[in-house]
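Step one of this worksheet: look at the structure below.
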Amino acid sequence: MIHVAGLRVVLPPAAVILDAIDLTVRPGEFLVVLGRSGAGKTTLLRAINRLVEPTSGIVRVAGRSVTGASASELREARRRMGMIFQQFNLVRRARVIENVLAGRLGYVPSLPSVFGAFPRADRELAMECLAQVGLATMAERRADKLSGGEQQRVAIARALAQQPSVVLADEPTASLDPALTGSIMDILRRINVERGLTLLVSQHQLETALAYATRIVGLRRGRVCFDGAPGEVTPAVAEAIYGENG
Amino acid sequence: MKRAAWFVALVALGWSAWDTGADPVRFVRGLPWIFDILGRMLPPDLRVLPAALLGALKTVEIALLGTAVAAVLALPLGVISARNVAAPPLFYPARVVLNFFRSVDTLVYALIFVAAVGLGPFPGVLAVIAYTTTSLAKLYSEAVEGIDRGPVDAITATGATRLQVLRFGVLPQVLPLFLSYVLYRLETNIRAATVLGFVGAGGIGFYLQTYLRMIDYPAASTVLLVTVAMVMVVDALSSKLRERLV
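Line order of the protein sequences matches chains Y and X. Be aware that the first sequence starts at 0, since it is given in this note's numbering, and climbs by one per residue. Be aware that the second sequence starts at 87, since it is given in this note's numbering, and climbs by one per residue.
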């Protein structure tokens, strides 16, 4: 579903953030990328939808080439990839339902949408997605009036509104109260199981990753240092991913 | 270094005082004449009040129409002058154009437009548009440069077009600021428009200049009082509105 080959990201002047990343995520996988902060997890996710421009390498998602895509091909590829951010990244002054509708922007005609005109089917879909994260009653509230956990659920609804085949989630629970981690991860697991969506989630917390992932990839200093099932993550593997030495 | 800067500043100030003939003694000697003129202004000649009020209305109209048109014209200009959203080939020329046209004052534009379209309030409106468009564009662009990158990333990641990203990721963040800048410009434009009449570009300034030339000080003082009242009323209304925005 996601195919990454020889991915390298160098940010000016000469910081090598990712190097020689080869990674194939199979359909329906719940893949968690583990690593210390600064290991390149965020950059990996952002390079897949080209919010960060890869320096070299290939990214293909759902059979479409992302690297080398023209502007309009890139938009088409992006609309099939939902993205969830550590800071939720909602439009804070907009209403909840407007934030979810933003997930339809890749599908609706550009000019009418700018004037707030969305097809009725898209509005209904947005409401359904909001209901799926349990926030149907909050539709008319301003986004910044919601708690952090609720805002992240709105962000998930926005991603679902894209009717994606892949969801990229960048540390989705890192800026939340630890008590809320489970509720957000549970929603992600549910969309993974019920909708068969392929999930690529970055996490720095080992226990959470092991509890939810069907596959773990360890990232260290911009390179893949482990790739296997959660059961294979031995203390030695954890040390290789997180350890201070080496 | 610091001492040299002080020295240069003092020399510059001293030179300026000498070259402009700044002379406290001359000022003190002139004081009685100021009181003489003020004395001759009293009591105000209320027979010219209707004319003054009509002139004030024209001035408000010039500022209102000019500011409103400029507020819209400045939108595209402000966006292409913002470093974080505009492509460099647009951004650099836009900045040069802004700084060039902004360095010319409304009154100078009025002189040009009076020569071009003739006497009356219309060249005044054009002058307000010319100056305000570029000065608002500059303020807009700074507001855009100060936005939170997160929502822009999130909207981009949905597969939205550039226009949609501006509308849904950028605009909601900057709209209250934009409106506040427009109101602030309206206040300063009212003040600027009071003197437009001096160069034949309509409004209350025309009456002030006429009565001063006719040495009809009581009539001029009525016009002055109306001007002060008009500016105060607009300032009060505008700052009330601005308080509610931010």
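Glycine included, C-beta positions come from ideal geometry on N, C-alpha and C. Bear in mind that the values here come from a model prediction, so they are computed numbers and not experimental data.
query	result
C-alpha distance - Y:Ile186 paired with Y:Leu22, whole-angstrom precision	25 Å
Span of the beta strand (DSSP E), counted from its first residue to its last, around X:Asp105	From DSSP, X:Asp105 is part of no beta strand (DSSP E) but of the alpha helix (DSSP H) over 88 to 105.
Simplified DSSP assignment, three categories, for X:Asp321	helix
Contact between the stretch 222 to 231 of chain X and the stretch 241 to 251 of chain X (3+ Cβ pairs under 8 Å)	no
Cross-chain neighbours of Y:Leu89 in chain X, by beta carbon under 9 Å	Gly236, Pro237, Ala240
CB contact check: X:Phe284 to chain Y, cutoff 8 Å	no
8 Å Cβ cutoff, X:Phe254 in contact with chain Y	yes
Straight-line gap, X:Gln295 to X:Val190 (C-alpha atoms, nearest Å)	23 Å
CB contact flag (Y:Leu10, Y:Ser201, <8 Å)	no
Anticipated Cβ contact below 8 Å, X:Tyr285 with X:Leu197, distance rounded	Reading the sequence as shown, one finds Val at residue 285 of chain X and not Tyr. Correct: roughly 5 Å between the Cβ atoms.
Proximity test, Cβ basis, 8 Å: X:Thr244 and chain Y	yes
Coarse secondary structure for X:Val251, derived from DSSP in three states	helix
Neighbourhood of Y:Leu104 by C-beta distance below 7 Å, restricted to the same chain and skipping five residues each side	Ser112
Minimum Cβ-Cβ distance from Y:Ser284 to chain X less than 8 Å	There is no way to answer for residue 284 of chain Y, as the model of chain Y reaches only from 0 to 245.
Per-residue contacts from Y:Gln86 into chain X (C-beta, under 9 Å)	Asp234, Gly236
Delimiting residues of the beta strand (DSSP E) encompassing Y:Phe225	222 to 227
Identity of the residues DSSP links to Y:Phe29 by a beta bridge	Y:Leu198
Inter-residue spacing [alpha-carbon to alpha-carbon] between X:Ala137 and Y:Ala93	47 Å
Inter-residue CB distance, Y:Gly39 and Y:Gly221 (contact presumed, cutoff 8 Å)	4 Å
Rounded straight-line distance, which links the Cα of Y:Leu129 to that of X:Pro174	39 Å
Between the CA atoms of Y:Thr42 and Y:Ala228 - distance to the nearest angstrom	23 Å
Reference Y:Ser164; option with closest CA among Y:Pro26, Y:Gln131, Y:Val8	Y:Pro26
Near-chain Y residues of the stretch 129 to 161 of chain X - C-beta to any C-beta below 8 Å	none
Inter-residue CB distance, Y:Leu17 and Y:Leu30 (contact presumed, cutoff 8 Å)	Contact doesn't hold; Cβ gap of about 16 Å is too wide.
Endpoints, the beta strand (DSSP E) within which Y:Thr23 is located	14 to 24
Residue span of the beta strand (DSSP E) that contains Y:Ile215, given as start and end	214 to 219
N- and C-terminal bounds of the alpha helix (DSSP H) containing Y:Met184	177 to 193
Chain X within 8 Å of Y:Gln161, Cβ atoms only	yes
C-beta neighbour in chain Y for X:Pro258, strict 8 Å	yes
Helix, strand or coil at Y:Ala4 according to DSSP, with G and I counted as helix	strand
contact_flag[the stretch 301 to 309 of chain X, the stretch 260 to 267 of chain X] where n(CB pairs < 8 Å) is 3 or more	no
Cβ pair count under 8 Å reaching 3, the stretch 201 to 217 of chain Y against the stretch 172 to 188 of chain Y	yes
Beta carbon proximity, X:Leu265 to chain Y, threshold 8 Å	no
Completely contained beta strand (DSSP E) runs for the stretch 83 to 116 of chain Y, where each covers 3 or more residues	none
Euclidean distance between Cα positions of X:Gly288 and X:Pro179	34 Å
Range covered by the beta strand (DSSP E) that runs through Y:Ala68	From DSSP, Y:Ala68 is part of no beta strand (DSSP E); its letter is neither H nor E.
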